[in-house]
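So the structure is just underneath, and the comments pick up after that.
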Ligand SMILES: [Cu+2]
């Protein structure tokens, strides 16, 4: 490749995002204001100035406890501040730190077993090559052997690769089994890819929907429009509305698309699932650490493919109930965990819009809320849920 070709290639790589952003800047009114506008207007002005006040370097647990008492009476929700280097790329080599059981098993399989096996094989092959080149060079071995068959060597070079494959296959199949046999879901979230943003529906919590758009930089937005701050997350990864899920709970993601194929990918959770129009794919996570995690659409889906990140905020079950209340949703009454019942009672004072129905329904008649949610919770109600996406 000549210098001219390299210059053309670099120019093309540099111009493509600029062209995409130019289009983004000219047509903001098509998607964002219709859906994300009202919710962003209520939640964000409060969250943005307050978020930097919480210690960014401290653990999320302290931040959550400091926020919880204040959040209960207020109708807004104080979002957590991401921890640098967690749930986002930070320049380190290797995989991101994992926060799900499957992710930990997979990264241990990769780091402690596959990598070691690859290194051992490479060293053995290199040593054989070097030994052959030195031992059987022309000056040291002037009359070459005429041997054409050697039973021992032939058995070894057949058997050893088979053993290597078995050593990879056994833990690999075990990992796949864990990945594709999820425990019963505590919460189901429907993830919908759109050109070029994500929307999330919470069928277990009254069916409300949030729309998640990437936050632009300060110099890219008009005056008065919300822009990204460090409290929101890294550039090109921060969004205006995060996908919020409870920590320590099995969350099932039903992944689909409204237009073209996208891919819902969260590196820190070890999940990447294609979002196909007309198809409901399923994945699950159980995140044990509260915090903010970032991912991206990972299927080339059009001009702004690079500008539809995923931001997941994992909160305690109590704070999740508070967040649901700020979105106008409800908590299902019949969750098995005891923590949820206490969380539900804490929610009722915060639900300023309709406190009476929530307070009455939650402790007295748990079966009311789960009735519609239960079929979809145990099994993906494909026939029931497919029409939901068409209403968007
Ligand atoms: Cu996409």
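Numbering (mature numbering (1 follows the signal peptide of the UniProt record, and there is no 0)), first residue to last: -22 to -1, 1 to 370.
Built from N, CA and C at the ideal position, the CB exists for glycine as well.
Here the structure is a predicted model, which means the values were calculated and not measured.
According to the DSSP assignment, residue 96 belongs to the alpha helix (DSSP H) that extends over 93 to 113.
Of 231, 220, 255 and 155, the smallest CA-CA separation from residue 302 is found for 220. Looking from the CA of residue 293, the closest CA among 250, 81, 252 and 226 belongs to 226. Residue 248 is positioned such that its CB atom lies closer than 9 Å to that of residue 81. With 16 or more other CB atoms across the displayed protein chains lying within 10 angstroms of its CB, residue 176 is buried. Taking all protein chains shown into account, residue 174 has 16 or more neighbouring C-beta atoms within 10 Å of its C-beta and is therefore buried. Within the stretch 172 to 258, the runs of beta strand (DSSP E) that reach at least 3 residues and sit entirely inside it are, in chain order, 175 to 180, 186 to 190, 221 to 224, 229 to 235, 240 to 244 and 249 to 253.
Apart from the 5 residues on each side of it in sequence, residue 72 sits with its Cβ closer than 8 Å to the Cβ of 89 in its chain, given in chain order. For residue 298, the enclosing alpha helix (DSSP H) begins and ends at 295 to 304. Residue 97 and residue 237 have their C-alpha atoms some 43 Å from each other. If you check the C-beta of residue 174 against ligand 1, you find a heavy atom less than 8 Å away.
Note on residue 68: under 16 other CB atoms within 10 angstroms of its CB, so exposed under the neighbour-count rule. Going by DSSP, residue 274 is part of the beta strand (DSSP E) stretching over 269 to 275.
The beta-carbon distance between residue 171 and residue 240, rounded to whole angstroms, is 3 Å. This is short enough to meet the 8 Å contact definition. In this structure, ligand 1 has a non-hydrogen atom nearer than 8 Å to the beta-carbon of residue 238. Within the DSSP bridge table, the entry for residue 287 names 274 as partners. Straight-line measurement puts the Cα of residue 288 at about 14 Å from the Cα of residue 269.
Going by C-alpha positions, residue 284 is about 23 Å away from residue 257. Relative to the Cα of residue 305, the nearest Cα in the group 180, 156 and 118 belongs to 180. A distance below 6 Å between beta-carbons, with the five flanking residues on each side excluded, links residue 161 to the following residues of its chain, in chain order: 228. Across the set 208, 250, 91 and 273, the C-alpha of 91 shows the shortest separation from the C-alpha of residue 145.
By DSSP's assignment, residue 260 forms a beta bridge with 232. Contact annotation, residue 77 with residue 169: C-beta distance approximately 18 Å; criterion of less than 8 Å not satisfied. A check of alpha carbon separations from residue 190 across 148, 210 and 152 identifies 210 as the nearest. Here residue 170 carries a strand assignment [DSSP, helix/strand/coil].
Of the heavy atoms belonging to ligand 1, none sits nearer than 8 Å to the Cβ of residue 177. Looking from the CA of residue 153, the closest CA among 99, 187, 85 and 207 belongs to 85.
Residue pairing from DSSP places residue 165 in a beta bridge opposite 229.
In the DSSP assignment, residue 159 falls outside any alpha helix (DSSP H), carrying neither H nor E. Relative to ligand 1, the beta carbon of residue 190 is positioned no closer than 8 Å to any heavy atom.
Under the criterion of beta carbons closer than 8 Å, residue 196 and residue 218 do not qualify as touching, at roughly 14 Å. In the assembly as shown, residue 183 is a buried residue. Its beta-carbon has 16 or more other beta-carbons within 10 Å. Per DSSP, reduced to three states, the secondary structure at residue 292 is strand. Rounded to the nearest whole angstrom, the C-alpha separation of residue 135 and residue 104 is 15 Å.
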